[in-house]
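K.L.:
Following this message is one structure expressed as structure tokens.
There are 2 protein chains.
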Amino acid sequence: MDPATGAPIALDAFGADGGFEVIAAGARAAAADGIAVRVFGPPGALSQLDGVEGVEIVPATDAISNNDEPVRAVRTRPQASIALAAADVAAGSSVGLVSAGSTGAAMTASLFALRRLRGVHRPALAVQVPVPGRDRPVVLLDAGANAEARPQHLLQFAYLGSAFASAVLGVERPRVGLLSVGEEQGKGTALVVDAHAALAAAGGIDFAGNVEGRDVPAGGADVIVTDGFTGNVALKTMEGTASAVGAAVRGAARSGPRAALGGLLLRPALGGLRRRLDPDTTGGAILLGLRGVAVIAHGSSGSDGIANAVRLAHRSAVEGAVERTAELLQRSGATRAALRDDDDRDRTTA
Amino acid sequence: MDPATGAPIALDAFGADGGFEVIAAGARAAAADGIAVRVFGPPGALSQLDGVEGVEIVPATDAISNNDEPVRAVRTRPQASIALAAADVAAGSSVGLVSAGSTGAAMTASLFALRRLRGVHRPALAVQVPVPGRDRPVVLLDAGANAEARPQHLLQFAYLGSAFASAVLGVERPRVGLLSVGEEQGKGTALVVDAHAALAAAGGIDFAGNVEGRDVPAGGADVIVTDGFTGNVALKTMEGTASAVGAAVRGAARSGPRAALGGLLLRPALGGLRRRLDPDTTGGAILLGLRGVAVIAHGSSGSDGIANAVRLAHRSAVEGAVERTAELLQRSGATRAALRDDDDRDRTTA
């Protein structure tokens with residue numbers, strides 16, 4: 000795998016709500032930035048990409064959908080677009096994977112083809128949460144790769160998130176918060192209390208203690224770790240709230256001529272905020288803890304979202320996010336500790 | 000306990016961030032609505048309430064703060080304002096309790112003095128989440144009374160929330176959603192999967208299936224049940240997001256003369272939205288599952304928040320929320336089923 004600037008990104012053409020059109024437009028926009036893209040899909044439906052410099056179409060006609068059981072589908076259908084794209088990354092022909100299709104299928108195909116980094120038990124889905132008043136997002140993980148977690152998983156998430164924030168976002172010494180229901184060490188579930196102790200004792204990360212729900216959109220830490228159930232609920236609650244408030248502001252601007260004029264005058268200034276809060280801006284979630292780069296874009300992505308997902312995958316590869324994660328885990332001994340802990344647990348619960 | 004309109008509400012004067020002033024102003028506003036209020040606090044500091052019709056001051060000088068361990072403090076300091084106020088409700092001199100002080104102390108004092116309804120294992124903290132585009136809020140519980148829960152607790156929460164929504168909010172047949180990470184029955188943690196099965200099999204409630212984080216601010220159900228950890232994270236994430244987006248909109252309106260004029264013109268139309276999203280509007284959380292009414296207001300409540308908390312307690316008492324909850328639990332057999340389930344669990348884990 001060569002993380003040079005020219006190395007291509009493998010893009011799954013299936014599964015976006017907007018169909019092949021948004022994929023093609025996204026690929027074209029990324030290619031215009033000088034990123035090579037290998038698009039896995041039906042050549043006939045992607046003919047608008049014919050002859051576009053930097054874009055190559057790799058024929059794939061089978062697609063795994065949200066209705067398929069991911070593990071079985073990925074195992075039995077190696078010719079499916081997501082499986083071919085993941086294999087392309089594993090073979091070193093591409094340096095990163097992007098899919099806007101079934102999240103389960105994309106995670107499974109990535110896990111099977113790219114495999115976990117040495118000592119990582121659970122890859123985690125990391126999202127960049129936009130912070131309204133600040134340029135740098137918060138990295139929230141796990142946003143839903145696994146519903147349940149053990150304390151040592153949350154500790155590993157802290158390393159995965161820190162390495163990503165420093166490699167890809169350029170945060171020098173990322174502060175890591177643990178999502179809970181109060182700042183005091185004893186607050187939260189047994190999982191959180193145990194994870195707090197593990198994080199406080201860990202080297203190689205800058206643990207900032209517990210943070211609360213309101214600290215996620217407020218940027219109370221650079222990296223916020225939690226189990227995939229809580230992370231997914233928090234993420235979707237934020238998206239829903241931002242969208243409901245935005246809709247209500249637009250509704251207010253339709254409530255009369257005076258308000259309409261106000262909305263018109265305010266619109267340019269609100270454009271930046273709207274762009275920053277748009278999930279398309281961050282390009283999607285990234286699956287951390289693998290030996291390769293895998294970005295999972297929103298199914299609802301527009302062409303900007305797809306292009307930004309390709310850019311995110313490319314930047315992650317170029318900045319050596321995987322290598323730096325492996326180094327941080329190795330250096331801190333987090334993988335050995337985690338393995339020991341898991342072995343103990345497996346014995347006692349056997 | 001007489002839930003007649005004239006029956007008083009016991010109001011703890013200690014613990015609000017704004018001090019005795021917001022408590023006094025809140026009591027005065029509620030009294031102006033014809034609600035009798037018994038204020039538990041130091042008469043000297045509440046002298047502005049002297050002679051106000053419908054307000055009575057009950058002397059109390061000891062206060063339990065956030066720094067005290069709630070259970071020990073409530074047990075050993077029966078003269079503390081929150082303990083006296085809760086005892087007043089238990090004795091029938093008041094019909095509901097309101098406190099903006101330590102949540103832990105208020106919950107403990109309520110639990111000790113008012114006791115749980117027959118068969119209820121865990122009282123739950125219910126909040127009314129404002130829905131931007133709609134008048135009726137979503138009832139979310141548990142918002143943090145207990146960090147962890149069992150499936151049968153979530154089932155009981157469904158009854159508690161349904162009875163509240165129908166008695167106090169006037170929702171005829173409240174639809175109950177279970178907070179998860181996907182709509183399919185199998186999505187989520189083991190707790191959620193088991194709770195889904197219990198809710199689907201339960202009589203007396205209208206179970207709408209799983210809902211996701213984005214359905215909370217969107218009003219995807221009338222009542223949404225979850226464990227106290229997830230509920231607290233979701234609630235605070237929403238509050239934080241609404242406040243961050245609001246701050247960013249105000250910031251945009253300061254970004255230039257054109258935007259400032261726009262903001263000025265739009266402001267009256269946005270006022271209604273702002274009021275609706277203000278936590279003060281709903282008056283606070285209500286502790287459900289007890290034999291009496293207990294409302295826990297935000298520590299940051301202004302006088303409007305305190306007045307609305309008193310109004311919420313009063314309406315709950317007048318509408319017989321407690322009696323209707325007891326009836327619904329009895330009729331549905333939820334308490335017997337829950338007891339049986341708990342007995343089984345206790346045996347197997349002993």
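Heads up: the sequence lines are chains A and B, in that order. Numbered by numbering that gives the first Met the number 0, the letters in the first sequence go through residues 0 to 349 in order. Numbered by numbering that gives the first Met the number 0, the letters in the second sequence go through residues 0 to 349 in order. Don't be surprised by glycine CBs; every beta carbon is placed ideally from N, CA and C.
1) Below 9 angstroms on C-beta distance, what does GLU211 of chain A contact in chain B?
2) Return the Cβ separation of ALA9 of chain B and ASP61 of chain B in integer angstroms, given the expectation that the two are a contact with Cβ distance under 8 angstroms.
3) Would a check of beta-carbon distances place SER254 of chain B closer than 9 angstroms to chain A?
4) Whose Cβ in chain B lies nearer than 7 angstroms to the Cβ of THR188 of chain A?
5) Looking at the C-beta of ALA35 of chain A, does it have a partner C-beta in chain B at a distance below 9 angstroms?
6) Assess, as a yes-or-no matter, whether the region 256–266 of chain B is touched by the region 189–207 of chain B under the definition of 3 or more beta carbon pairs within less than 8 angstroms.
7) Enumerate in chain order the residues of its own chain whose CB-to-CB distance from SER161 of chain B is below 7 angstroms, with the five nearest sequence positions on each side excluded.
8) Between VAL70 of chain A and chain B, is there a C-beta pair that is closer than 9 angstroms?
9) Please list, in chain order, the chain B residues whose beta carbon lies closer than 7 angstroms to that of LEU286 of chain A.
10) Once the 5 residues before and after THR102 of chain A are set aside, which same chain residues still bring their CB inside 7 angstroms of it?
11) With burial defined as no fewer than 16 other Cβ atoms inside 10 Å of the residue's Cβ, what is the status of ALA15 of chain B: buried or exposed?
12) What span of residues does the alpha helix (DSSP H) with PHE19 of chain A cover, start to end?
13) Does any CB atom of chain A fall closer than 9 angstroms to the CB of GLY262 of chain B?
14) Nearest to LEU110 of chain B by alpha carbon, out of B:ASP134, B:PRO129, B:ALA79 and B:ALA144?
15) Find the residues of chain D that neighbour ARG257 of chain A, judging by a C-beta separation of less than 7 angstroms, and give them in chain order.
16) Kindly say whether LEU269 of chain B, judged by its beta-carbon, lies nearer than 9 angstroms to any beta-carbon of chain A.
17) Are ALA213 of chain A and GLY239 of chain B closer than 9 angstroms when you measure CB to CB?
18) Return yes when the Cβ of GLY332 of chain A is within less than 9 angstroms of the Cβ of LEU116 of chain A, no when it is not.
19) Does any residue of chain B bring its CB to less than 9 angstroms from the CB of PRO131 of chain A?
20) Considering only DSSP beta bridges, list what VAL138 of chain A is partnered with.
21) For SER302 of chain B, count the other beta carbons within 10 Å of its own beta carbon; 16 or more makes it buried, fewer makes it exposed. Which is it?
22) Going by beta-carbon coordinates alone, are ALA306 of chain B and ALA28 of chain B separated by less than 9 angstroms?
23) If we count Cβ pairs, one from each stretch, closer than 8 angstroms, do we get three or more for the region 23–37 of chain B versus the region 51–61 of chain B?
24) State yes or no: is the beta carbon of ALA349 of chain A nearer than 9 angstroms to at least one beta carbon in chain B?
25) Grouping DSSP H, G and I as helix and E and B as strand, with all else coil, what is PHE156 of chain B?
26) For the pair the region 145–164 of chain B and the region 180–191 of chain B, tell me if three or more CB-CB distances fall below 8 angstroms.
27) Between GLY17 of chain A and SER80 of chain A, is the Cβ-Cβ spacing less than 9 angstroms?
28) So GLY50 of chain A and ASP141 of chain A are in contact, right, with Cβ under 8 angstroms, and what is the actual spacing, rounded?
29) Between the C-alpha atoms of ALA70 of chain A and SER64 of chain A, what's the straight-line distance to the nearest angstrom?
30) By a C-beta neighbour count over all protein chains shown, 10 Å radius and 16 as the cutoff for buried, is GLU68 of chain B buried or exposed?
31) Write down the C-beta distance between ALA233 of chain B and VAL126 of chain A rounded to the nearest angstrom, noting that I regard them as a contact closer than 8 angstroms.
32) Return helix, strand or coil for SER350 of chain A, following the three-state DSSP convention.
33) Our contact map puts LEU159 of chain B next to THR324 of chain B with C-beta atoms below 8 angstroms; I'd like the distance itself, whole angstroms only.
34) Do MET106 of chain B and PRO122 of chain B have their CB atoms nearer than 9 angstroms?
35) If the cut is a Cβ gap below 9 angstroms, which residues of chain B does LEU272 of chain A touch?
36) By Cβ distance below 8 angstroms, which residues in the same chain neighbour ALA35 of chain B in space, the five residues on each side in sequence not counted?
P.N.:
Reading off the structure:
1) Chain B residues near GLU211 of chain A: ASN231, VAL232, LYS235, THR236 and GLY239.
2) In this structure ALA9 of chain B is not in contact with ASP61 of chain B, their Cβ atoms being roughly 16 angstroms apart against a cut-off of 8 angstroms.
3) Put simply, the CB of SER254 of chain B is near chain A, with a gap under 9 angstroms to one of its CB atoms.
4) By Cβ distance, chain B contributes ALA146, GLU147 and PHE228.
5) ALA35 of chain A does not count as touching chain B.
6) Contact fails: fewer than three Cβ-Cβ distances are below 8 angstroms.
7) Counting only Cβ-Cβ distances below 7 angstroms, and skipping sequence neighbours, we find PRO173, VAL175, ILE204, VAL222 and LEU327.
8) Using a Cβ-Cβ cut-off of 9 angstroms, VAL70 of chain A does not count as an interface residue toward chain B, since no Cβ of chain B sits closer than that to its own.
9) What LEU286 of chain A touches in chain B: nothing, since even the nearest Cβ is about 16 angstroms away.
10) Taken in chain order, the residues that qualify are ILE295.
11) With 16 or more other Cβ atoms within 10 Å, it is buried.
12) Per DSSP, the unbroken alpha helix (DSSP H) holding PHE19 of chain A starts and ends at 18–31.
13) Closer than 9 angstroms to some Cβ of chain A, the Cβ of GLY262 of chain B qualifies, so yes.
14) Of the listed residues, the one whose Cα sits closest to LEU110 of chain B is B:ALA144.
15) In the displayed structure, chain D is absent; the protein chains listed are A and B.
16) Taking a beta-carbon distance threshold of 9 angstroms, LEU269 of chain B counts as an interface residue toward chain A.
17) Just to set this straight, residue 213 of chain A is Arg in the shown sequence, not Ala. Cβ atoms of ARG213 of chain A and GLY239 of chain B: closer than 9 angstroms.
18) Remark: C-beta atoms of LEU116 of chain A and GLY332 of chain A do not approach each other more closely than 9 angstroms.
19) The C-beta of PRO131 of chain A comes closer than 9 angstroms to at least one C-beta of chain B.
20) Per DSSP, A:GLN127 and A:VAL222.
21) Around the C-beta of SER302 of chain B, 16 or more other C-beta atoms lie within 10 Å, and the residue is accordingly described as buried.
22) A contact, by the Cβ cut-off of 9 angstroms.
23) Yes, since at least three Cβ pairs between the region 23–37 of chain B and the region 51–61 of chain B fall closer than 8 angstroms, the two stretches touch.
24) At ALA349 of chain A the pLDDT is 29, less than 50, meaning the model places this residue with poor confidence and gives no usable figure here.
25) Under the three-state reduction of DSSP, PHE156 of chain B is assigned to helix.
26) A contact exists between the region 145–164 of chain B and the region 180–191 of chain B.
27) Inclusion of GLY17 of chain A and SER80 of chain A in the CB contact set at 9 angstroms is not warranted, their separation being larger than that value.
28) The distance from the Cβ of GLY50 of chain A to that of ASP141 of chain A is about 41 angstroms, inconsistent with a contact at the 8 angstroms cut-off.
29) The identity of residue 70 of chain A in the sequence shown is Val, whereas the question assumes Ala. Taking the Cα positions, VAL70 of chain A is about 12 angstroms away from SER64 of chain A.
30) By the C-beta density criterion, GLU68 of chain B is exposed, having fewer than 16 other C-beta atoms within 10 angstroms.
31) That pair is no contact at about 16 angstroms.
32) Outside the modelled stretch of chain A, which goes from 0 to 349, sits residue 350 of chain A, for which no answer is possible.
33) Right, the Cβ-Cβ distance comes to about 6 angstroms (below 8 angstroms), so this counts as a contact.
34) Contact flag set, yes.
35) What LEU272 of chain A touches in chain B: VAL244, ALA247, VAL248, GLY250 and ALA251.
36) Excluding positions up to five away in sequence, the list reads GLY5, ALA6, PRO7, ILE8, GLY53, VAL54 and GLU55.
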